[in-house]
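Asks:
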Amino acid sequence: MSIGSNRVVICVDLDYFYAQSEEVRNPSIKGKPVVVCVFSGRTEISGAVSTSNYVARRLGVRSGMPIALAKKTLARYPDAVFLPMDTDYYDSISSNVMDILRSKSPAFEQSSIDEAYLDVSNETEGDFSRAYELGKKIRAEILEREKLTCSVGIGPNKLVSKMAADSKKPDGLTLVVPGEVQPFLNKLEIGKLFGIGPKTVEKLHELGIGTVVQLAQADIRVLSEHFGEKLGPQLRDAAMGVDDNPVQERGVEQFSRIVTLKRDSNIFDFQDVLEPLAADLSKKLLEYNMLAGSIGIIAITAELKTKTRTRKIENSTDSKAEIVHVASSLFESFFADGNSSHGDLMVRRIGVRVSNLAKPTKDKKEPSLVDFL
DNA sequence: AATACCGGCGAGT
DNA sequence: TCATACTCGCCGGTATT
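Just remember that my numbering sits 1038 ahead of the position in the first sequence, which is counted from 1.
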């Protein structure tokens, strides 16, 4: 049975996951700077760094950095390794690790490809030292079975366990018992709090809030006024380590596929670009046995601004043809009214999104096997 | 007045 | 200098009921 509301939550975060996976596949690159890249195909080296190992990080390579800049940064290191993303490979390793974690507690939540939470309140009978031992065991098992290191955090909820895991990386194991939550958080920079990024740090500073202590004591009405009825209180909760969200799998809400165009365009062959995107999304819907109730497009302009258009459709669908059709129509009107006011609307990246996902009802609706390759 | 929908934004991996 | 591919959640505006 559950132990009242005193929970014990473990957060497991695989270290520099893509790059470490590459090291597992090819151990000879260990010790060299390893940079996993998303090559956009515009030029030989255009694109961004997805992640890198700690050797590369120490030399200044960061996630999101242009590949060209990473190359420059590592110019003096001829042994540096630049690899393209291999998502299928990372997916399969991730799924092995998640199977290990799932076996530790029925209260399991995968929050990303390389992160998961476990509510082990029952397994440990609310005892944090037992959770610590379990954390050791989990780390040992992932290392033995997949040759991967991870960082583990343990706390009274997801929020604290996550920040505990973040506090010692890579290969860390951090325990924050309830009585230590506030002292633990108080030592952090405000921008290290989960959910508080650069923009929020900036806004908080304008309000005279620069530390975790100040945020924890801030007037909730002031926060709500400036950040909204939900985000305001949430910010203060983050500073106090308060989080009541249960550890449980959340259903998928949307899928999207996006690509970078060879060059910025305001006119392109819709069919050509949209087809493969829609095909992937259709396949994914089939895979998950879901139907999309809304279809949308994403356009990232030459100025790197994101624009979206969404349309709710009458009958939920997983059909590639319908996704292409609706996306085409949305792009047409997007370019039509986007251009009317001022100048050309140049687009750099385009994407398609399906959302409003639902499991198909057992109504007789002809399955679109036609779309299955 | 409440709910639905949409587009923008911020954050995270 | 260049600047990926996703996913999720919230906000405010507007439309619908």
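Think of the CB as a built atom: it goes at the ideal place given N, C-alpha and C, for glycine as much as any other residue.
Every value quoted in this text rests on a predicted model; they were computed, and no experiment measured them.
(1) Tell me whether R1114 sits in a helix, a strand or coil according to DSSP, three-state version.
(2) Note down, in chain order, each residue of its chain lying with its Cβ closer than 8 Å to the Cβ of I1067, except the 5 sequence neighbours on either side.
(3) Which runs of the alpha helix (DSSP H) at least 4 residues long sit entirely within the region 1249 to 1323? Give them in chain order.
(4) Considering F1222, what are the terminal residues of the alpha helix (DSSP H) in which it resides?
(5) How would you call V1290, buried or exposed, if buried means at least 16 neighbouring beta carbons within 10 angstroms?
(6) Starting from R1045, follow the alpha helix (DSSP H) in both directions and report where the run begins and ends.
(7) Please work out which residues of its chain come closer than 7 Å, Cβ to Cβ, to K1070, disregarding the five sequence neighbours upstream and downstream, and give them in chain order.
(8) If I measure Cβ to Cβ from F1293 and keep anything under 6 Å in the same chain, skipping five residues before and after, which residues do I get?
(9) For a quick check, are the C-beta atoms of A1202 and G1217 less than 7 Å apart?
(10) Given that a residue counts as buried once 16 or more other Cβ atoms are within 10 Å of its Cβ, and exposed if not, what is S1040?
(11) How is the alpha helix (DSSP H) around A1202 delimited, first residue to last?
(12) Candidates I1388, M1328, L1269: which alpha carbon is nearest P1314's?
(13) Can you tell me whether Q1255 is buried or exposed? The criterion is at least 16 other CB atoms within 10 Å of its CB, across all chains shown.
(14) Would you give the residue range spanned by the alpha helix (DSSP H) that K1174 belongs to?
(15) With C-beta atoms as the reference, is A1169 less than 7 Å away from V1073?
(16) Need the endpoints of the alpha helix (DSSP H) that L1139 sits in, please.
(17) Under the three-state reduction of DSSP, which class applies to G1079: helix, strand or coil?
(18) In angstroms, rounded to a whole number, what distance separates the CA positions of L1112 and K1185?
(19) Please name the residue or residues paired with E1153 in a DSSP beta bridge.
(20) State yes or no: is the C-beta of A1108 within less than 7 Å of the C-beta of V1076?
(21) Cα separation between P1284 and P1144?
(22) Using a threshold of 7 Å, state whether the C-beta atoms of S1354 and A1396 are closer than that.
(23) Report the option in K1345, Q1148, C1049, D1281 whose CA atom is closest to the CA atom of I1176.
(24) Taking the alpha-carbon positions, what's the R1386 to F1373 distance?
(25) Using only alpha-carbon positions, find the residue among L1052, S1130, R1295, S1262 that is nearest to A1178.
(26) Buried or exposed for L1342, please, with buried defined as at least 16 other CB atoms from any protein chain shown within 10 angstroms of its CB.
(27) Going straight from the alpha carbon of I1305 to that of Y1054, what length do you get?
(28) Please go through the same chain and pick out, in chain order, the residues whose beta-carbon is closer than 8 Å to the beta-carbon of K1350, but skip the five residues on each side of it.
(29) Determine the DSSP secondary structure at G1246, reduced to helix, strand or coil.
(30) Name the residue from D1126, Y1127, E1161, T1125 whose alpha carbon lies nearest to the alpha carbon of R1140.
(31) Quick check: what's the CA-CA separation for C1188 versus Q1220?
(32) Please look up how many angstroms separate the CB atoms of I1105 and G1079, rounded, as I've assumed it's under 8 Å.
(33) Compute the beta-carbon to beta-carbon distance between T1344 and I1335, rounded to the nearest angstrom, for a pair I have assumed lies under 8 Å.
(34) Give me the Cα-Cα distance between H1243 and L1269, rounded to the nearest whole angstrom.
(35) Within a Cβ cutoff of 8 Å, which residues of the same chain sit near D1382, ignoring the five residues on either side of it in sequence?
(36) Could you compute how far the alpha carbon of F1369 sits from the alpha carbon of A1317?
Replies: Concretely, from the data shown:
(1) DSSP places R1114 in coil when its eight states are reduced to three.
(2) E1060, E1061, V1119
(3) The qualifying runs are 1250 to 1254, 1258 to 1265, 1269 to 1278.
(4) 1219 to 1224
(5) exposed
(6) Per DSSP, R1045 belongs to no alpha helix (DSSP H) and is neither H nor E.
(7) V1093, D1117, A1118, V1119
(8) Taken in chain order, the residues that qualify are L1319, K1322, V1392.
(9) no
(10) For S1040, the pLDDT reaches just 48, beneath the cut-off of 50, and the residue's location in the model is therefore unreliable, although a value from the coordinates is still provided. Label assigned to S1040: exposed.
(11) 1196 to 1205
(12) I1388
(13) exposed
(14) 1166 to 1184
(15) Contact: no.
(16) 1125 to 1140
(17) Three-state result, G1079: coil.
(18) Here the C-alpha atom of L1112 lies approximately 27 Å from the C-alpha atom of K1185.
(19) DSSP output for E1153 lists D1051, S1150 as bridge partner(s).
(20) For the 7 Å CB-CB criterion, A1108 and V1076 do not form a contact.
(21) 12 Å
(22) yes
(23) The shortest Cα separation from I1176 among K1345, Q1148, C1049, D1281 belongs to C1049.
(24) 13 Å
(25) Of the candidates L1052, S1130, R1295, S1262, the one whose C-alpha sits nearest the C-alpha of A1178 is L1052.
(26) exposed
(27) Cα-Cα distance, rounded: 39 Å.
(28) Closer than 8 Å at the Cβ level, and outside the excluded window around K1350, lie G1331, S1332, N1394.
(29) coil
(30) Taking each of D1126, Y1127, E1161, T1125 in turn and checking the Cα distance to R1140, the smallest one comes out for E1161.
(31) 25 Å
(32) Wrong, their Cβ atoms sit about 12 Å apart, outside the cutoff.
(33) T1344 to I1335, Cβ: 11 Å. No contact.
(34) 16 Å
(35) N1304
(36) The straight-line gap from Cα to Cα measures roughly 17 Å.
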